[in-house]
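Worksheet: one structure, shown below.
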Amino acid sequence: GESVGLHLPTLSVQEGDNSIINCAYSNSASDYFIWYKQESGKGPQFIIDIRSNMDKRQGQRVTVLLNKTVKHLSLQIAATQPGDSAVYFCAENPTGNQFYFGTGTSLTVIP
Amino acid sequence: GAVVSQHPSRVICKSGTSVKIECRSLDFQATTMFWYRQFPKQSLMLMATSNEGSKATYEQGVEKDKFLINHASLTLSTLTVTSAHPEDSSFYICSARPGTVNTEAFFGQGTRLTVV
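If you're matching them up, the sequences are chains D and A in order. Each residue of the first sequence is one higher than the last, beginning at 1 in my numbering. Each residue of the second sequence is one higher than the last, beginning at 1001 in my numbering.
Following this line, the structure appears as structure tokens:
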């Protein structure tokens, strides 16, 4: 497989501030990436995706940045809200249909 | 978006018994589905790729005789945890992609398995 699961790093931000969540992916052949949000006891939910021919993509309140040189992704959440508290994973798609998940970051928004 | 449904959402079983988890794509057909395992405060680990009409492809280190996968139709894949042990207790999640290239994967709501 790809990245090995480790205990989640954590990030705490004040409500209204911007959040930046980082992810290192492992396979230089990966050409498609997704950020997922996972709430406790639930399956992951799609946030935003990016293809390897792009280095930035914006959605509603979220922006994903891709740096293929160092195999790094970041997710920026603007004006973070309490409902954004969750675990965030990046997932890479190297070959075929499989997605491999990064370590994840637990985001806590402080009201 | 597309819907993937898992059943059951929670199951408790005794050591030595087998448990079957179902994964259904409700509004699309999926020739491949994926099974993940997630321990508390850890990431999702891909266990296997379920292929409709053929054998599943297992990731390195995953015992195929322990985790039996059947993908009998384009909308249903099942994962059977055989001879379950307490260390098999985990959160199992399935996913499927409506398309192939550069399309998102949709996830089921997960199954919390507890082996006592």
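Heads up, the beta-carbon is just placed ideally off N, CA and C, and yes, glycines get one too.
Consider the Cβ of residue i: report whether some Cβ of chain D lies at a distance smaller than 8 Å.
i         : result
Phe1034/A : yes
Lys1055/A : no
Thr1078/A : no
Ile1012/A : no
Leu1113/A : no
Lys1093/A : Lys is not the amino acid found at residue 1093/A; the sequence shown has Ile there. Yes, because at least one Cβ of chain D sits closer than 8 Å to the Cβ of Ile1093/A.
Tyr1058/A : no
Between the options, which lies nearest to residue i when the distance is taken from Cα to Cα?
i         : options                                       : result
Arg1037/A : Ser1005/A, Arg1097/A, Lys1014/A and Val1081/A : Val1081/A
Gln60/D   : Lys68/D, Phe46/D, Asn67/D and Glu15/D         : Phe46/D
Phe1112/A : Glu1104/A, Ser1050/A, Phe1067/A and Val1011/A : Position check: residue 1112/A holds Arg in this sequence, whereas Phe was assumed. Minimum Cα distance to Arg1112/A is reached at Val1011/A.
Asn1102/A : Asn27/D, Tyr32/D, Asn22/D and Pro9/D          : Tyr32/D
Leu1068/A : Ser1025/A, Lys1020/A and Asp1027/A            : Lys1020/A
Asn97/D   : Tyr1058/A, Phe1034/A and Thr1114/A            : Phe1034/A
Asn1051/A : Leu1074/A, Gly1108/A, Phe1091/A and Gln1109/A : Leu1074/A
Asn53/D   : Val13/D, Ser30/D, Ser19/D and Val62/D         : Ser30/D
Ile48/D   : Asp55/D, Ile34/D and Ile21/D                  : Ile34/D
Met1047/A : Pro1040/A, Phe1107/A and Ile1093/A            : Ile1093/A
Ala1105/A : Thr1049/A, Val1062/A and His1071/A            : Thr1049/A
For residue i and residue j, what's the separation of their Cα atoms in angstroms?
i         : j         : result
Tyr88/D   : Val64/D   : 12 Å
Asp84/D   : Ile110/D  : 10 Å
Tyr100/D  : Ser1054/A : 22 Å
Thr1017/A : Ser1089/A : 13 Å
Ser186/D  : Lys71/D   : Lying outside 1 to 111, the shown extent of chain D, residue 186/D is not represented and no answer is given.
Asp17/D   : Ala1084/A : 46 Å
Val1004/A : Pro1098/A : 10 Å
Ile50/D   : Pro94/D   : 13 Å
His1007/A : Cys1023/A : 7 Å
Phe1091/A : Leu1076/A : 19 Å
Gly5/D    : Gly102/D  : Any reading at Gly5/D needs caution, since the residue's pLDDT is 43, under 50, leaving its predicted position unreliable; the model's value is listed next. For Gly5/D and Gly102/D, the distance between alpha carbons rounds to 7 Å.
Gln1029/A : Glu39/D   : 26 Å
Ala1072/A : Thr1031/A : 10 Å
Leu75/D   : Ser12/D   : 15 Å
Lys68/D   : Lys1064/A : 34 Å
Output, in chain order, the set of chain D residues within a Cβ distance shorter than 8 Å of residue i.
i         : result
Gln1109/A : Lys42 and Gly43
Leu1074/A : Per Cβ cutoff of 8 Å: no residues; Leu1074/A is ~14 Å from chain D at best.
Interface residues of chain D around residue i at Cβ under 9 Å?
i         : result
Arg1024/A : Within 9 Å Cβ-Cβ: nothing; Arg1024/A doesn't reach chain D, min ~13 Å.
Helix, strand or coil for residue i? Go by DSSP, reduced to three states.
i         : result
Glu1104/A : coil
Glu15/D   : coil
Asp49/D   : strand
Glu92/D   : strand
Glu1022/A : strand
Could you tell me whether any Cβ in chain A is nearer than 8 Å to the Cβ of residue i?
i        : result
Gln76/D  : no
Gly104/D : yes
Glu15/D  : no
Ile34/D  : yes
Arg51/D  : yes
Mind listing the chain D neighbours of residue i? Cutoff is C-beta to C-beta under 7 Å, in chain order.
i         : result
Ala1105/A : Phe99
Asn1070/A : Neighbours of Asn1070/A on chain D: none; closest Cβ ~18 Å, over 7 Å.
Listing by chain order, which chain A residues have their CB less than 9 Å from the CB of residue i?
i      : result
Leu8/D : Lys1041, Gln1042 and Ser1043
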